[in-house]
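Residue numbers (the UniProt record's numbering), protein chains in the order written: chain A, 1 to 207; chain B, 1 to 207; chain C, 1 to 207. Ideal Cβ positions, reconstructed from N, Cα and C, are used throughout, including at glycine. To start, the structure itself, in structure tokens.
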Amino acid sequence: MTALNLLDYASVLIFALTGALVASRAQLDVVGFVFMACLTAVGGGTLRDLMLDRNPIFWIADPTILAVASGAALLVFFTAHLLESRYSAILWLDAAALAVAVAAGSGIAVAQGQPAPIVLVMGVVTGCAGGLMRDVVANELPLVLKQGELYVTCAFFGGLATVLVSDYGAAEAGLACAAVTFVARAGSMAFGWRLPVYKGRPPRTKP
Amino acid sequence: MTALNLLDYASVLIFALTGALVASRAQLDVVGFVFMACLTAVGGGTLRDLMLDRNPIFWIADPTILAVASGAALLVFFTAHLLESRYSAILWLDAAALAVAVAAGSGIAVAQGQPAPIVLVMGVVTGCAGGLMRDVVANELPLVLKQGELYVTCAFFGGLATVLVSDYGAAEAGLACAAVTFVARAGSMAFGWRLPVYKGRPPRTKP
Amino acid sequence: MTALNLLDYASVLIFALTGALVASRAQLDVVGFVFMACLTAVGGGTLRDLMLDRNPIFWIADPTILAVASGAALLVFFTAHLLESRYSAILWLDAAALAVAVAAGSGIAVAQGQPAPIVLVMGVVTGCAGGLMRDVVANELPLVLKQGELYVTCAFFGGLATVLVSDYGAAEAGLACAAVTFVARAGSMAFGWRLPVYKGRPPRTKP
Numbered sequence: 001m002t003a004l005n006l007l008d009y010a011s012v013l014i015f016a017l018t019g020a021l022v023a024s025r026a027q028l029d030v031v032g033f034v035f036m037a038c039l040t041a042v043g044g045g046t047l048r049d050l051m052l053d054r055n056p057i058f059w060i061a062d063p064t065i066l067a068v069a070s071g072a073a074l075l076v077f078f079t080a081h082l083l084e085s086r087y088s089a090i091l092w093l094d095a096a097a098l099a100v101a102v103a104a105g106s107g108i109a110v111a112q113g114q115p116a117p118i119v120l121v122m123g124v125v126t127g128c129a130g131g132l133m134r135d136v137v138a139n140e141l142p143l144v145l146k147q148g149e150l151y152v153t154c155a156f157f158g159g160l161a162t163v164l165v166s167d168y169g170a171a172e173a174g175l176a177c178a179a180v181t182f183v184a185r186a187g188s189m190a191f192g193w194r195l196p197v198y199k200g201r202p203p204r205t206k207p
Numbered sequence: 001m002t003a004l005n006l007l008d009y010a011s012v013l014i015f016a017l018t019g020a021l022v023a024s025r026a027q028l029d030v031v032g033f034v035f036m037a038c039l040t041a042v043g044g045g046t047l048r049d050l051m052l053d054r055n056p057i058f059w060i061a062d063p064t065i066l067a068v069a070s071g072a073a074l075l076v077f078f079t080a081h082l083l084e085s086r087y088s089a090i091l092w093l094d095a096a097a098l099a100v101a102v103a104a105g106s107g108i109a110v111a112q113g114q115p116a117p118i119v120l121v122m123g124v125v126t127g128c129a130g131g132l133m134r135d136v137v138a139n140e141l142p143l144v145l146k147q148g149e150l151y152v153t154c155a156f157f158g159g160l161a162t163v164l165v166s167d168y169g170a171a172e173a174g175l176a177c178a179a180v181t182f183v184a185r186a187g188s189m190a191f192g193w194r195l196p197v198y199k200g201r202p203p204r205t206k207p
Numbered sequence: 001m002t003a004l005n006l007l008d009y010a011s012v013l014i015f016a017l018t019g020a021l022v023a024s025r026a027q028l029d030v031v032g033f034v035f036m037a038c039l040t041a042v043g044g045g046t047l048r049d050l051m052l053d054r055n056p057i058f059w060i061a062d063p064t065i066l067a068v069a070s071g072a073a074l075l076v077f078f079t080a081h082l083l084e085s086r087y088s089a090i091l092w093l094d095a096a097a098l099a100v101a102v103a104a105g106s107g108i109a110v111a112q113g114q115p116a117p118i119v120l121v122m123g124v125v126t127g128c129a130g131g132l133m134r135d136v137v138a139n140e141l142p143l144v145l146k147q148g149e150l151y152v153t154c155a156f157f158g159g160l161a162t163v164l165v166s167d168y169g170a171a172e173a174g175l176a177c178a179a180v181t182f183v184a185r186a187g188s189m190a191f192g193w194r195l196p197v198y199k200g201r202p203p204r205t206k207p
């Protein structure tokens, strides 16, 4: 459980940074920074815990998590102007947080003895739901929908790695999952890796 | 329970098709298709199960549901270009899925012995929440808010049918509910049926 | 519990009014009014109850709450044209509902014996989540994100008041919380009170 808890902490910290960076783009006040940081940081894990009926949910069991997220928000509030380009900082931090969160979410489902499809779903939900909530609340185009970029797809392959490696141990599975997710996402951002997208012919119009 | 389960399967399949069609409009890759299909297909039912504290929620109890939704996504990924007009296909499929989902949701509440208002709410939530999540995530104007078209209203009358007919048997109530919902929605789309909408005079401006 | 229940009723009524006013801006039909009123009225409390694992959630335990919200929707459907300026009516009602809902949410967490951070979060969630859902569904810029206005911040300070005063009694804490929240929000709207917002220098562009 300790390794899984550490993963949860790490993803909370990094997602909180991305939430606070979105708050800096929207020029909110410091409480707004904390709100966006906490929403992004615990949104995916909260949904996971509600769906798996884990009780109490992770940040009620351990409110330190909220302190970590709030600390990240304060850090960004006072230092975001030091970043040359906030948007690319958001993207790379988000990739790291995605990798860690997918590993944490799918690992928890494995620890519960869930079957492979549920492990996959929990990896994707824990990885993608917090950032999705951040983007929906901030009225930005959700990253998960950015056309022609791998995002949900990375989480999906990360979850698949957890499923395949989980027989060899939880730590190995977590490492494999985080590595696959991050490499896929980084490859997509740096080298333009992508899956073929749907290219519909424009619908024929009736004459 | 079997009839209710079948209804859940059918609504999952059809909602998944509409989610995948929205993914085709956004030109996502195949994992994006699966994501949107699953979100739309199980979103409403997941919310219903969380609120009614049904445990485990339906697609964790039966992961086949996720396979059905993913299959629908793959089908659309390879065949959506065959549809002449994807948007009208979305609308009509959505009407069918709405009818089935309202019947499933309100039927489950009746089976739990909930009072009439909760039956109504669960019908509306199961019917409307998945499509609402689909539209919010895809950044489209939610169908439930399309001005002057019946949508939530159809779900509401469907739920009312369940309440009125449920004394005669679950199958009868499900049939009545689905029929009322679909006829109301189809009438709204084909013949322009609607309830009077709010027509406020423009607010007077202070001189 | 009675005082807390009364607070829940009051916030349901007022939030329902704001939801119905948003429905009037979107010119929905009467069922759309009821939908938006109920979503706004019970959204925050539903999320709170799911996260605190209170079972059944408050409006399933007491469906009268749905009747109150629906009644508010009908009232607005027939009388909204009497309001000179609907938007400012939404803002002021929302401030009152926020104050009451933060008091209700943080009070329930205190009654459960939760630690201070969870009390704070439950105050903010109960106060802000319903209005946030209303704005996201209606495709309006979320009030919680309005740049340079106190909103989440007011809920936060209200929750803080609950934490500080809760040793003196639940009623005193509720009153203090509602007063702090409302005064902060009213001061923000009427006198422009605000916290310093993040003012980043525009990111330097590479030469």
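>> Quick check on DSSP: helix, strand or coil for D29(B)?
In response: Counting from one through the second sequence, the residue named residue 29(B) turns up at place 29. When DSSP states are grouped into helix, strand and coil, D29(B) belongs to the strand group.
> Could you give the C-beta distance for V125(B) and L47(B), rounded to a whole number, given that I count them as a contact under 8 Å?
Replying inline: By one-based count along the second sequence, residue 125(B) stands at place 125. By one-based count along the second sequence, residue 47(B) stands at place 47. Yes, V125(B) and L47(B) are in contact; Cβ-Cβ is about 6 Å, under 8 Å.
> What is the rounded straight-line gap between the Cα of A178(A) and the Cα of A99(A)?
Replying inline: Counting from 1 along the first sequence, the entry for residue 178(A) is found at position 178. Counting from 1 along the first sequence, the entry for residue 99(A) is found at position 99. So the two alpha carbons sit approximately 4 Å from each other.
> Given that a residue counts as buried once 16 or more other Cβ atoms are within 10 Å of its Cβ, and exposed if not, what is F78(A)?
Replying inline: Position 78 of the first sequence holds residue 78(A). A residue is called buried when at least 16 other Cβ atoms come within 10 angstroms of its Cβ; F78(A) does not meet this threshold and is exposed.
> Hey, how far is the Cα of G44(C) from the Cα of T153(A)?
Replying inline: In the third sequence, counting from the first residue as 1, residue 44(C) sits at position 44. In the first sequence, counting from the first residue as 1, residue 153(A) sits at position 153. Annotation: G44(C) to T153(A) spans about 32 Å, alpha carbon to alpha carbon.
>> Just to confirm the assignment: which complete alpha helix (DSSP H) runs, minimum length 4, are found wholly within the region 3–77 of chain A?
In response: 30–51, 58–61
>> On the DSSP letters alone, give me the boundaries of the alpha helix (DSSP H) that V144(B) sits inside.
In response: Locating residue 144(B) in the second sequence gives position 144, counting from the first residue. Run containing V144(B): none; DSSP gives neither H nor E here.
> Taking Cβ-Cβ distances shorter than 8 Å, what residues in chain A pair up with G130(B)?
Replying inline: Taking the first residue of the second sequence as position 1, residue 130(B) is located at position 130. Going along chain A, no residue has its Cβ under 8 Å from G130(B), so there is no contact; the nearest lies around 15 Å.
>> Rounded to the nearest angstrom, what separates T181(B) and L195(B) at their Cα positions?
In response: Reading the second sequence from its first residue, position 181 is the one you call residue 181(B). Reading the second sequence from its first residue, position 195 is the one you call residue 195(B). The straight-line gap from Cα to Cα measures roughly 15 Å.
>> Beta carbons nearer than 7 Å to chain A: which residues of the UniProt domain "Glycine transporter" (91–165) of chain B have them?
In response: V136, V137, A138, N139
> When the Cα atoms are used, what is the spatial distance from A26(B) to A96(A)?
Replying inline: Translated into positions along the second sequence, residue 26(B) becomes position 26. Translated into positions along the first sequence, residue 96(A) becomes position 96. Rounded to the nearest angstrom, the two C-alpha atoms are 26 Å apart.
> What residue from A23(C), S24(C), A173(C), G107(C) has the CA that sits closest to D49(C)'s CA?
Replying inline: Within the third sequence, numbered from 1, the residue matching residue 49(C) stands at position 49. D49(C) has its Cα closest to that of G107(C), out of A23(C), S24(C), A173(C), G107(C).
> So, is P202(C) buried or exposed, given that buried needs 16 or more other C-beta atoms within 10 angstroms?
Replying inline: Along the third sequence, read from residue 1 onward, the residue named residue 202(C) stands at position 202. Any answer about P202(C) is weak, because its pLDDT of 49 lies below 50 and its placement is not dependable; what the coordinates show is given next. With fewer than 16 other CB atoms across the displayed protein chains lying within 10 angstroms of its CB, P202(C) is exposed.
> Can you list the residues of chain B that I57(C) reaches, using a CB-CB cut of under 7 Å?
Replying inline: Within the third sequence, the letter at position 57 stands for residue 57(C). Within chain B, the residues near I57(C) are M51.
> In whole angstroms, what is the alpha-carbon distance linking K206(A) and I90(B)?
Replying inline: Residue 206(A) sits at position 206 when you count from the first residue of the first sequence. Residue 90(B) sits at position 90 when you count from the first residue of the second sequence. With a pLDDT of 42 at K206(A), under the threshold of 50, the modelled position of this residue cannot be trusted, and the question is left open.
> So S24(B) and V68(B) are in contact, right, with Cβ under 8 Å, and what is the actual spacing, rounded?
Replying inline: Walking along the second sequence from the start, residue 24(B) turns up at place 24. Walking along the second sequence from the start, residue 68(B) turns up at place 68. 18 Å between Cβ atoms; not a contact.
> Based on Cα-Cα distance, which residue from G159(B), A176(B), L74(B), Y9(B) lies nearest to D62(B)?
Replying inline: On the second sequence, position 62 is the one that residue 62(B) refers to. Comparing Cα-Cα distances from D62(B) to each of G159(B), A176(B), L74(B), Y9(B), the minimum goes to Y9(B).
> Using a beta-carbon distance below 7 Å, is L6(C) in contact with chain A?
Replying inline: Indexing the third sequence from 1 puts residue 6(C) at position 6. False, the Cβ-Cβ gap to chain A never drops below 7 Å.
> Do you know offhand how far R204(A)'s Cα is from L82(B)'s?
Replying inline: Counted from its first residue, the first sequence places residue 204(A) at position 204. Counted from its first residue, the second sequence places residue 82(B) at position 82. With a pLDDT of only 46 at R204(A), under 50, the local geometry of the prediction cannot be trusted, and no value is derived from it.
>> Rounded to the nearest angstrom, what separates M122(B) and A190(C) at their Cα positions?
In response: Here residue 122(B) corresponds to residue number 122 of the second sequence, with the count starting at 1. Here residue 190(C) corresponds to residue number 190 of the third sequence, with the count starting at 1. Rounded to whole angstroms, M122(B) to A190(C) spans 41 Å at the Cα level.
>> Given a cut-off of 7 Å on the beta-carbon distance, is the pair V102(B) and G158(B) in contact?
In response: Taking the first residue of the second sequence as 1, we reach residue 102(B) at position 102. Taking the first residue of the second sequence as 1, we reach residue 158(B) at position 158. Yes, these two residues count as a Cβ contact at 7 Å.
>> Looking only at its chain, what residues have a beta carbon closer than 6 Å to the beta carbon of I65(B), apart from the 5 residues adjacent to it on each side?
In response: Taking the first residue of the second sequence as 1, we reach residue 65(B) at position 65. Closer than 6 Å at the Cβ level, and outside the excluded window around I65(B), lie V12, W59.
> What residues from chain A crowd round L75(B), counting only those whose CB sits closer than 9 Å?
Replying inline: As a first step, residue 75(B) must be located in the second sequence, where it is residue number 75. For L75(B), no chain A residue has a C-beta closer than 9 Å to its own C-beta; the minimum C-beta separation is roughly 12 Å.
> Does the beta carbon of V31(C) sit closer than 7 Å to a beta carbon anywhere in chain B?
Replying inline: As a working note, residue 31(C) is residue 31 in the third sequence. Output row for V31(C): interface = yes.
>> Excluding the 5 residues flanking I57(B) on each side, which residues of the same chain have their C-beta closer than 6 Å to its C-beta?
In response: Here the question's residue 57(B) lines up with position 57 in the second sequence. The residues are T46, D49.
> chain A beta carbons: is any one of them nearer than 7 Å to that of S88(C)?
Replying inline: One-based indexing of the third sequence puts residue 88(C) at position 88. Taking Cβ atoms only, chain A never reaches closer than 7 Å to S88(C), which makes this a no.
> Quick one: which chain C residues come within Cβ less than 8 Å of L195(B)?
Replying inline: As a position in the second sequence, residue 195(B) is number 195, starting the count at 1. Per Cβ cutoff of 8 Å: D29, V30, V31.
>> Can you find the residues in the same chain that come closer than 8 Å, C-beta to C-beta, to C128(C), ignoring five residues on each side of it along the sequence?
In response: Working through the third sequence from its first residue, we reach residue 128(C) at position 128. Correct list, in chain order: G44, L98, V144, Y151, V152, A155.
> Which residues does DSSP pair with V180(B) in a beta bridge?
Replying inline: By 1-based counting over the second sequence, the position of residue 180(B) is 180. Partner(s): none; V180(B) has no beta bridge.
> Are A184(A) and A161(A) touching if we call contact CB-CB under 7 Å?
Replying inline: The sequence position of residue 184(A) within the first sequence is 184, counting from 1. The sequence position of residue 161(A) within the first sequence is 161, counting from 1. Cβ atoms of A184(A) and A161(A): not closer than 7 Å.
> What do you get for S88(A), buried or exposed, if any count of 16 or more other CB atoms within 10 angstroms of its CB means buried?
Replying inline: As a first step, residue 88(A) must be located in the first sequence, where it is residue number 88. S88(A) is exposed by the Cβ-count criterion.
>> Please classify L6(C) as buried or exposed, where buried requires at least 16 other C-beta atoms within 10 Å of its C-beta.
In response: Looking up residue 6(C) in the third sequence gives position 6. It is exposed - the Cβ of L6(C) has fewer than 16 other Cβ atoms within 10 Å.
> Start and end of the alpha helix (DSSP H) containing V197(A)?
Replying inline: Position 197 of the first sequence, counting from 1, holds the residue named residue 197(A). Counting along the chain, V197(A) falls outside any alpha helix (DSSP H), and DSSP gives it neither H nor E.
>> At the level of alpha carbons, what is the spacing between residue 210(B) and Q112(B)?
In response: The requested residue 210(B) does not occur in the structure, where chain B is confined to residues 1 to 207.
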